[in-house]
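Residue numbers (our numbering): 12 to 310.
For every residue, glycine included, the Cβ atom is placed at its ideal position computed from N, Cα and C.
Take a look at the structure:
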């Protein structure tokens with residue numbers, strides 16, 4: 012079954028994830044004040060949101076899913092640009108001290124929105140694209156580079172993406188027939204994989220937060236299901252965290268075994284607190300996959 016992370020968590024659960032004893036000794040604690048402010052601001056904004064979402068009928072949904080196509084492409088999501096601007100403004104005071112690229116990215120995006128007030132929708136909409144850098148028309152990225160801009164643009168739009176995904180899944184619950192390695196809502200690859208219940212595996216979408224079941228042995232990137240060419244890396248001190256790699260496409264995905272986890276688990280936070288797994292995988296020669304699935308978006 013498919014679901015969105017937003018259906019499972021509330022503000023108290025987000026707070027609890029940061030207060031988990033497991034997280035207290037993490038090297039990422041310097042980021043916690045900023046991340047907590049980000050996640051709680053996103054959550055609060057989504058709770059008040061109303062967007063003009065075109066709801067497909069059941070036949071269209073069945074046809075698309077039956078053919079392996081998601082319901083939306085990334086640039087088709089409706090977005091609340093007023094909320095996005097509000098999130099950007101509220102997070103200024105929570106920026107980590109000393110992180111100049113992130114601060115410069117915030118300043119560049121804020122300056123563009125102030126300098127081109129009539130084109131705010133186009134500016135925000137440019138961050139829904141995944142090819143080239145369409146925001147260059149309005150945003151001066153010379154001081155900050157691309158990565159901080161992408162972070163801010165998509166972090167501020169994330170509540171809109173999750174809101175739409177949640178409502179699509181309420182209207183059209185995902186069936187067990189969806190076996191793709193990419194998101195049934197937007198066609199993006201998972202940011203994280205996790206094991207639950209009796210060992211079933213789910214993906215957590217890197218774009219809209221949807222969660223869906225997939226095969227236990229399956230590369231989300233190239234759909235390889237041959238156990239001889241799929242493998243794992245893990246640190247002995249964290250056996251519940253693993254890196255799944257594929258020898259065919261050379262990509263890797265981070266995976267969490269949450270079956271015996273008793274502490275609060277908030278997947279957007281886990282994306283940040285598993286960055287050491289990315290280092291471990293890339294040091295071993297494996298590649299971080301892009302967010303858009305090539306089977307849907309090409310490339």
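By DSSP's criteria, residue i is part of a beta bridge. Which residues make up the other side?
{"i": "residue 199", "result": "303"}
{"i": "residue 213", "result": "205 and 224"}
{"i": "residue 254", "result": "244 and 265"}
{"i": "residue 191", "result": "For residue 191, which the question treats as bridged, DSSP gives no partner whatsoever."}
{"i": "residue 298", "result": "262"}
Based on Cα-Cα distance, which residue from the options lies nearest to residue i?
{"i": "residue 47", "options": "63, 105 and 81", "result": "105"}
{"i": "residue 264", "options": "82, 289, 270 and 128", "result": "289"}
{"i": "residue 281", "options": "21, 64, 112 and 43", "result": "43"}
{"i": "residue 224", "options": "199, 186 and 235", "result": "186"}
{"i": "residue 148", "options": "122, 208 and 82", "result": "122"}
{"i": "residue 54", "options": "23, 182, 305 and 241", "result": "23"}
{"i": "residue 300", "options": "233, 125 and 135", "result": "233"}
{"i": "residue 39", "options": "21, 287, 25 and 79", "result": "287"}
{"i": "residue 252", "options": "205, 302, 267 and 41", "result": "267"}
{"i": "residue 241", "options": "247, 249, 248 and 227", "result": "227"}
{"i": "residue 303", "options": "85, 259 and 68", "result": "85"}
{"i": "residue 57", "options": "236, 166 and 30", "result": "166"}
Can you list, in chain order, the residues of its chain whose CB lies under 6 angstroms from that of residue i, leaving out five sequence neighbours each side?
{"i": "residue 215", "result": "201, 202, 203, 222 and 278"}
{"i": "residue 27", "result": "275"}
{"i": "residue 29", "result": "43 and 47"}
{"i": "residue 298", "result": "261 and 262"}
Should residue i be listed as close to the ligand MG, given that the test is whether its C-beta is under 8 angstroms from any heavy atom?
{"i": "residue 116", "result": "The ligand MG is absent from the structure shown, which contains no ligands of any kind."}
Starting from the C-beta of residue i, find all residues in its chain whose C-beta is less than 7 angstroms away, skip the five residues before and the five after it, and write them out in chain order.
{"i": "residue 71", "result": "none"}
{"i": "residue 83", "result": "196 and 197"}
{"i": "residue 119", "result": "150, 151, 152, 154, 155 and 160"}
{"i": "residue 51", "result": "22 and 25"}
Does residue i get closer than 9 angstroms to chain D when you measure Cβ to Cβ?
{"i": "residue 284", "result": "Absent from the structure is chain D; it holds one protein chain and no more."}
Measure the C-alpha to C-alpha separation of residue i and residue j and round it to an integer number of angstroms.
{"i": "residue 230", "j": "residue 192", "result": "7 angstroms"}
{"i": "residue 308", "j": "residue 219", "result": "16 angstroms"}
{"i": "residue 199", "j": "residue 294", "result": "25 angstroms"}
{"i": "residue 305", "j": "residue 248", "result": "34 angstroms"}
{"i": "residue 41", "j": "residue 285", "result": "14 angstroms"}
{"i": "residue 273", "j": "residue 125", "result": "46 angstroms"}
{"i": "residue 67", "j": "residue 74", "result": "11 angstroms"}
Practice problem: Count the CB pairs spanning the stretch 84–100 and the stretch 171–187 that are closer than 8 angstroms, and state whether there are at least three. | Solution: The stretch 84–100 is in contact with the stretch 171–187.
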